[in-house]
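Q: Under our numbering, residues 1 to 291 are what the sequence shown spells out, in order. Note that beta-carbon positions come from the ideal geometry of N, C-alpha and C, so glycine has one too. Input: one structure, supplied below.
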Amino acid sequence: MSTSDQPEVVLEQPARALRAWSLAQCEALEQAFTSLAADWARDWGIGPAAGEGAAQVEGARHERGAGLAWAYSKPARHSSDMLIEAHECASLAGIRHGVHASMFGLSPSLLGAGAASESIAMDVVEAALSDWFTRLRQIPGLHGLEQHPAASDANRSASAWSGDVMVRWPWCRGSFFLWLDGGTVETVLSSLSNVGVRSTTTRKPPLVEITQALSGQPIKLRVELDSINLSLGQLETLQVGDIIPLSHQLDRPLHVMDTVGRPVCAAWLGQQQDCLALELCTLDSPSVQNH
């Protein structure tokens, strides 16, 4: 079969990047958005319950159109209803009511139509809400976040290994949801100083010989004589001061083994500076082979 007869493979689409995030990377995202919400709530005088809830990162289950998207929902009765309610309540009116209730303790409808205080309160709410989205857009990769929620398709699953995530946290008496595609997550992570995007982007230490790499590791060695065998009767008659002759000859080296009993080398017992010492020798030395 000639080369010209080989089938030609044409890629209609470029290879798709496969993304997955480690636990440390997810925690870095959670910490970043938790701090952002807490700072915003503190600057606008909103209580801790409105802006200091811990963020949670989850894999995106549904696609939210192209790029970034957000949603806001009031507390659901059941945690399983939270995602459904987020799709239904992703409106500016809903998030305005949540911010208003967090700042003033009342819904705008309870202040009375036409009241001067309502107009002032709504101006403050709009300013706080505008500042919230401004802070979100200042995060690298989120500059294109719109202030109006994007339409979603709850029946369309997110692509596997896309790296798309959903970040949610308690916010203004409800829950704020933020959908990030894999590329945006990569940009956000690269801007954080405490976590890297991929291990391939970090420099690895140069390779060294295994003996050099392990040179500082301690190792335990056992030094033994030839074993002796005693009967149970002999063992029962032993007393303090008894002398037990050993079968180990004085002209034979000791056995040096590792912790599991594998022979390492032989050694002669000696003395150095008023301490016992060992002079190491190989197992195949003549003095060892002669015995």
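If contact is defined by three or more beta carbon pairs under 8 Å, each pair taking one atom from either stretch, is the region 21-35 in contact with the region 99-106?
A: Taking 8 Å as the limit for Cβ pairs, the verdict is that the region 21-35 does not touch the region 99-106.
Q: What is the rounded straight-line gap between the Cα of M257 and the Cα of V223?
A: Taking the straight line from one Cα to the other gives about 6 Å.
Q: Can you check which of these residues, G98, H143, G183, is closest to S173 by C-alpha distance?
A: Residue identity differs from the one stated: residue 173 is Arg in this sequence, not Ser. Nearest of G98, H143, G183 to R173, Cα basis: G98.
Q: Below 8 Å on the Cβ atoms is my contact criterion, and I expect L292 with A267 to pass it. Report the Cβ-Cβ distance as a whole number of Å.
A: Outside the shown range of the chain, which is 1 to 291, sits residue 292, and nothing can be said about it.
Q: Spatial neighbours of L36 within its chain, please: C-beta separation below 8 Å, excluding the five flanking residues on both sides.
A: Closer than 8 Å at the Cβ level, and outside the excluded window around L36, lie R135, L136, I139.
Q: Just to confirm, is the Cβ distance from T259 to W169 under 8 Å?
A: No, the pair does not count as a contact, with Cβ atoms beyond the cut-off.
Q: Verify whether the separation of the beta carbon atoms of W132 and W40 is less than 8 Å.
A: Taking 8 Å as the Cβ cut-off, W132 and W40 qualify as a contacting pair.
Q: Here's the rule I'm using: 16 or more other beta-carbon atoms within 10 Å means buried, otherwise exposed. How should L280 be labelled?
A: With fewer than 16 other Cβ atoms within 10 Å, it is exposed.
Q: Taking C-alpha atoms, which residue in A160, Q147, R262 lies nearest to A69?
A: Answer by Cα proximity: Q147.
Q: For Q56, name the three-state secondary structure that DSSP assigns.
A: The answer is strand: DSSP assigns Q56 an E or B state.
Q: Starting from R168 and walking both ways along the alpha helix (DSSP H), at which residues does that stretch end?
A: Premise fails: R168 lies in the beta strand (DSSP E), 165-171, not in any alpha helix (DSSP H).
Q: Can you tell which of A32, G45, E236 has the C-alpha that lies nearest to the C-alpha of A128?
A: The option with the nearest alpha carbon to A128 is G45.
Q: If you reduce the DSSP assignment to three classes, tell me which class C281 lands in.
A: Note: C281 maps to strand in three-state DSSP.
Q: Classify Q25 as helix, strand or coil using the three-state DSSP reduction.
A: Correct three-state label for Q25: helix.
Q: Identify every residue that forms a DSSP beta bridge with W179.
A: Beta-bridge pairing links W179 to A69, M166.
Q: Just the C-alpha distance for V124 and L207, rounded to the nearest angstrom, thanks.
A: Cα to Cα, the separation comes out at about 60 Å.
Q: Tell me whether G141 sits in a helix, a strand or coil according to DSSP, three-state version.
A: If DSSP states are grouped into helix, strand and coil, G141 belongs with coil.
Q: Is it buried or exposed, H143, if we count other Cβ atoms within 10 angstroms and call 16 or more buried?
A: So H143 counts as exposed.
Q: Is it true that the CB of V165 sits closer than 8 Å to the CB of V57?
A: It is a contact, given that the beta carbons lie within the stated cut-off.
Q: R19 and G141 - do their beta-carbons sit closer together than 8 Å?
A: No, these two residues do not count as a Cβ contact at 8 Å.
Q: Taking all protein chains shown into account, do 16 or more other C-beta atoms lie within 10 angstroms of the C-beta of E88, making it buried, or fewer, making it exposed?
A: Confidence at E88 is low in this model, with a pLDDT of 43, below 50, so the placement of that residue should be treated as unreliable; the coordinate-derived value is given next. So E88 counts as exposed.
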